[in-house]
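Student: Let me give you the structure first, and then I'll get to my questions.
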Amino acid sequence: MGLVQPQGFKDITVVQAVQWMEKPGHGFNYLDIRCEEEHETMVAPKSSINVPAFTPDGDFEDENVEWIPVPTFEADVEARFGKDAKLLIGCRAGNRSTLACKRLVAAGFENLWNVESSSYMRTRQMGDDF
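So this is what it looks like as structure tokens:
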């Protein structure tokens, strides 16, 4: 189920994430860590749950925007899922999801998979029902 990296989480491809989520009783939660505005205005898998890990200091569509960590992110994820939940973590390009995984590992989470690729490609791969 994905190679465990030294950083404490596993990197997986979009195809792997889709295959896992399509299995009955899979037990995974798809966590979209993008800011609320980004989650609402850009494509996102239908089954995703939005818990922002970062907030933009400016327009989120600006490629030079600075992303500020949401200080309650780890507590928000724990309150929503618990530390034992199986979480697939995704964002727009993969950079913030990697950082979010590192933050969650530091907070004691263990069942984390970082979904590599952009949200646009992820949604195209997953189809309308994901």
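Just so it is clear: in the sequence shown, position 79 is 79 by UniProt numbering, and no numbers are missing. Virtual Cβ for every residue (Gly too), placed ideally from N, Cα, C.
1) Less than 8 Å between the C-beta atoms of residue 48 and residue 32, yes or no?
2) Evaluate contact between the segment 15 to 29 and the segment 53 to 61, counting only Cβ atoms and requiring at least three cross-stretch pairs below 8 Å.
3) Do residue 73 and residue 38 have their beta-carbon atoms positioned less than 8 Å apart in this structure?
4) Where are the beta strand (DSSP E) runs, 3 residues long or more, that stay fully inside the UniProt domain "Rhodanese" (24 to 118), in chain order?
5) If you draw a straight line from the alpha carbon of residue 116 to that of residue 9, how long is it in whole angstroms?
6) Going by alpha carbons, who is nearest to residue 98 out of 86, 112, 107, 85?
7) Are the beta-carbon atoms belonging to residue 7 and residue 102 less than 8 Å from one another?
8) Along the chain, where does the alpha helix (DSSP H) that runs through residue 16 open and close?
9) Quick check on this structure: which residue in 110, 18, 108, 83 has the alpha carbon closest to the alpha carbon of residue 131?
Tutor: Taking the definition as stated:
1) Yes; because the gap between Cβ atoms is below 8 Å, this pair is in contact.
2) Under the 8 Å Cβ criterion, the segment 15 to 29 does not count as touching the segment 53 to 61, having fewer than three qualifying pairs.
3) For the 8 Å CB-CB criterion, residue 38 and residue 73 do not form a contact.
4) DSSP runs (the beta strand (DSSP E)) wholly in the UniProt domain "Rhodanese" (24 to 118): 28 to 32, 54 to 57, 66 to 69, 86 to 90, 112 to 115.
5) The C-alpha of residue 9 is placed about 12 Å away from the C-alpha of residue 116.
6) Residue 112 is the option with its Cα nearest to residue 98.
7) Yes. Within cutoff.
8) Secondary structure note for residue 16: its alpha helix (DSSP H) is the uninterrupted segment 14 to 22.
9) The chain is shown only over 1 to 130; residue 131 falls outside these bounds and no answer can be derived.
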